[in-house]
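Asker: Top to bottom, those sequences are chains A and B. Here the first sequence stands for residues -4 to 129, numbered as in my numbering. Here the second sequence stands for residues 33 to 202, numbered as in my numbering. For every residue, glycine included, the Cβ atom is placed at its ideal position computed from N, Cα and C. These numbers come from a predicted model, not from an experiment.
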Amino acid sequence: MKDAILKSARALGKMLPIIAGIVMLVSLANALLPKSFYSSVLTGNNFIDPFIAAIVGSISAGTPVVSYIISGELLKQGISLIAVTAFLLAWVTVGTIQMPAEGLALGKRFTILRNLSSYVLAIIIAVIIGVLLS
Amino acid sequence: MSTEKTTKKSNKSSWYFLGAVIFVYFVVYIISPAQAFLALEFFYKLALKLIIIFAFVFIFMVIVDLVLTPARIVKYIGEEAGIKKWIFIIIGGILSTGPIYMWYPLLADLQKKGVKDGLLATFLYNRAIKLQYLPLLVVYFSWAFIVLMTMLMILGSVAQGIFIDWADKK
């Protein structure tokens, strides 16, 4: 029990600087960037936006917690649920940064197939969620 | 590079990152103190919300750490386990904790022992479902969204596993 508490505290503690930094950046972006900023990065087109958002999510790195915070803030900025979901899912399932290590451990073919199919799945799931919840 | 070295490097990088963000705040303060204070006010409100959530996250992490070990996961995904292995691999992926690279050696070992690539892919996909962090999602998204997304991710992970096994046969 003591080990589990210490291990969990250590794991959470290690994440703290990154989370604090991201929350600070999100806060700064809210103060400095006009609400139209994200909509200018994304096209507002429900067909193209999920693809762009999923690409941005795929090349982003960080813990899932960070992606939740950014996605939530993007939603508040007026980005569509489909694009935000594609961004969030690509962030947590596609590991572009980890691809070299994954390729070495599990094989290049496996890594490419897994990451490409995760990218496609992110968009498919986002569209289904968008259609069902809109 | 050893896992320990990678972890230490990653720890240092995270502090450098926070330092860089604080420096950005300092620069903004020099240029426009009003906007820096506005950002800090937003940060304070957001941080207050997150502190409570992190208490729940911590409790979840302790429970998961007590219940699940990598050895327990291995036990239930042998070829003879049939359809049960999919269920175990999904649960294992969802409950697994720690950085993804910590799991590569175990998964590579399983691959060498004949565990199908599809199962490994399903395990990795389900790692994206973090039960302990779900309370944090509630801050921004509805429960309907969270439940639907989680269910679709589980279904998607199986579809991905089947697809990768199919592609392996080609």
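For B:I83 and B:K145, what's the separation of their Cα atoms in angstroms?
Answerer: Their Cα atoms are separated by approximately 43 Å.
Asker: Express the C-alpha separation of B:R159 and A:A121 in angstroms, rounding to a whole number.
Answerer: When rounded, the distance between both Cα atoms is 18 Å.
Asker: Applying the 10 Å Cβ sphere with the 16-neighbour rule, what's the burial state of B:Y48?
Answerer: Answer is exposed; the Cβ neighbour count stays below 16.
Asker: Kindly say whether B:A71, judged by its beta-carbon, lies nearer than 8 Å to any beta-carbon of chain A.
Answerer: Yes, B:A71 counts as interfacial toward chain A.
Asker: What do you reckon, are the CB atoms on A:Y114 and A:A85 nearer than 8 Å?
Answerer: Yes, the pair counts as a contact, with Cβ atoms nearer than the cut-off.
Asker: For a quick check, are the C-beta atoms of B:F69 and B:P167 less than 8 Å apart?
Answerer: No; because the gap between Cβ atoms is not below 8 Å, this pair is not in contact.
Asker: Which class does B:V147 belong to by DSSP, given the choice of helix, strand or coil?
Answerer: B:V147 falls in the coil class under three-state DSSP.
Asker: So A:L76 packs on A:L70, CB below 8 Å; how close in whole Å?
Answerer: Right, the Cβ-Cβ distance comes to about 7 Å (below 8 Å), so this counts as a contact.
Asker: Does chain B have any CB closer than 8 Å to the CB of A:M94?
Answerer: Taking Cβ atoms only, chain B never reaches closer than 8 Å to A:M94, which makes this a no.
Asker: Are A:P59 and B:K162 close, meaning C-beta to C-beta below 8 Å?
Answerer: Cβ distance < 8 Å, so A:P59 and B:K162 count as in contact.
Asker: Give the residues from the segment 53 to 68 of chain A that approach chain B closer than 9 Å (Cβ to any Cβ), ordered along the chain.
Answerer: Answer in chain order: T58, P59, V60, Y63, I64, S66, G67, E68.
Asker: How many Å lie between B:T35 and A:L7 at the Cα?
Answerer: At B:T35 the pLDDT is 49, less than 50, meaning the model places this residue with poor confidence; the figure from the coordinates comes in the next sentence. Distance between the alpha carbons of B:T35 and A:L7 is about 18 Å.
Asker: Less than 8 Å separating the beta-carbons of A:L101 and B:A191?
Answerer: No.
Asker: Flag A:I13 as yes if its beta-carbon sits less than 8 Å from any beta-carbon of chain B, otherwise no.
Answerer: Taking Cβ atoms only, chain B reaches closer than 8 Å to A:I13, which makes this a yes.
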